[in-house]
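Undergrad: One structure coming up, written as structure tokens, with questions to follow.
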């Protein structure tokens, strides 16, 4: 049974509105959750930093990364009939967008609810039935009757951010979380929980937590945080795609309830072999479940971090999420627990002078 406070923290992070470039609400939630753990700073890109209060200043610096943005949309055009044309922010499968509920954030910071319009089957031509949907042909219906009503009454203009309209919930019987933005709010939550678990613990390294903006549009925030922190090495917390619901058997490398996924390779990074082996050996020694994967695509902030500064050995602790980059994801609470436990063990035993030569 997870503490109510812990669950509420997870819910608040998932429910917060924060597509790429509009992460302010998420950062405000994090500032509340990080209070008392160290010195907190923001930069001009809305990256958030936590300098652990136990840092000594004369030890190797480890950066703990998670990104605050989520995939979503942005208003591109307002039609005369009040319908909103939009562009995608981050990677979407078009078939996952149509007929889904959304929240459009207006100039006053209010959420205006709407739905991605879809033509009922009764009106589809044979060609339309066979053709895959395209997002540039979709519109969002917020119930407005005109462009004037959208702009003047509802306060929505060009460039307004749009997020999925989903509230996070926890099924205690199944031990599963259902919600939006698990990429990467679960990573943010696991990072916060790691810092809390290590409060007052003496470590062989100094810790700077960096919550980076705009990962979904090219790891832009992490490029800046790496320059600011200049770490010796980095651990990236990430909500990562689970494949157990469709790959099956030996083909699945990322399954729910089997612990964090550590990737040897993706499209953005080949993980540091020594750091990977240390992390996997640490998991085995501490009897913490962990998974290994070689990914043919995708990427994380580690892709930007590991080539920053003078080169930063990096690993990714991936929290498995089914149906990532869609409106609702599914994740296991026990994977959160295992990820935090592994991160703590790594940091307690990390000897950078021996591991990175």
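In the numbering used here, the protein residues as written are 2 to 358.
In this text, a Cβ means the ideal position worked out from N, Cα and C, and glycines have one as well.
Note that the structure is predicted; figures quoted are calculated from it, not measured.
#1: Scan the region 162-229 and note each continuous beta strand (DSSP E) run of 3 residues or more that stays entirely inside, going in chain order.
#2: For a test of the three-state rule: what should DSSP assign to residue 78, helix, strand or coil?
#3: By alpha-carbon positions, which one of 253, 225, 191 ends up nearest to residue 237?
#4: Going by DSSP in three states, residue 1 sits in which element: helix, strand or coil?
#5: If you follow the beta strand (DSSP E) that residue 238 is in, where does it begin and where does it stop?
#6: Closer than 7 Å by C-beta to residue 95: which residues in its own chain qualify, once you throw out the five before and the five after it? Chain order, please.
#7: According to DSSP, is residue 333 part of a helix, a strand, or is it coil?
#8: Can you say whether residue 292 is buried or exposed, counting buried as having 16 or more other CB atoms within 10 angstroms of its CB?
#9: Return the bridge partner residues of residue 102 from the DSSP annotation.
#10: So residue 342 packs on residue 257, CB below 8 Å; how close in whole Å?
#11: In angstroms with no decimal places, state the Cα-to-Cα distance between residue 75 and residue 218.
#12: Give the secondary structure of residue 328 by DSSP, where H, G and I count as helix, E and B as strand, and everything else as coil.
#13: Is it buried or exposed for residue 50, if we count other Cβ within 10 angstroms and need 16 for buried?
#14: Can you say whether residue 6 is buried or exposed, counting buried as having 16 or more other CB atoms within 10 angstroms of its CB?
TA: Here's the rundown:
#1: 162-165, 170-172, 177-180, 207-213
#2: Along the chain shown, read from residue 1 onward, the residue named residue 78 stands at position 77. The answer is strand: DSSP assigns residue 78 an E or B state.
#3: One-based indexing of the chain shown puts residue 237 at position 236. Checked all of 253, 225, 191; the closest Cα to residue 237 is 191.
#4: Shown here, the chain extends from 2 to 358; a query on residue 1 therefore has no answer.
#5: Looking up residue 238 in the chain shown gives position 237. From DSSP, the beta strand (DSSP E) with residue 238 extends over 234-242.
#6: Taking the chain shown and counting its residues from 1, the one referred to as residue 95 is at position 94. Contacts found: 133, 134, 135, 136.
#7: The residue labelled residue 333 in the question sits at position 332 within the chain shown. If DSSP states are grouped into helix, strand and coil, residue 333 belongs with the strands.
#8: Position 291 of the chain shown, counting from 1, holds the residue named residue 292. That one is buried.
#9: Against the chain shown, residue 102 aligns to sequence position 101. Partner(s): 116.
#10: Start at 1 with the first residue of the chain shown, and residue 342 comes out as number 341. Start at 1 with the first residue of the chain shown, and residue 257 comes out as number 256. Not really, about 17 Å apart at Cβ, beyond 8 Å.
#11: In the chain shown, residue 75 corresponds to position 74, counting from 1. In the chain shown, residue 218 corresponds to position 217, counting from 1. One C-alpha to the other measures close to 13 Å.
#12: The residue you call residue 328 lines up with position 327 of the chain shown. The answer is coil: DSSP assigns residue 328 none of H, G, I, E or B.
#13: Here residue 50 refers to the residue found at position 49 when the chain shown is read from its first residue. Buried, because 16 or more other Cβ atoms sit within 10 Å of the Cβ of residue 50.
#14: Along the chain shown, read from residue 1 onward, the residue named residue 6 stands at position 5. With fewer than 16 other Cβ atoms within 10 Å, it is exposed.
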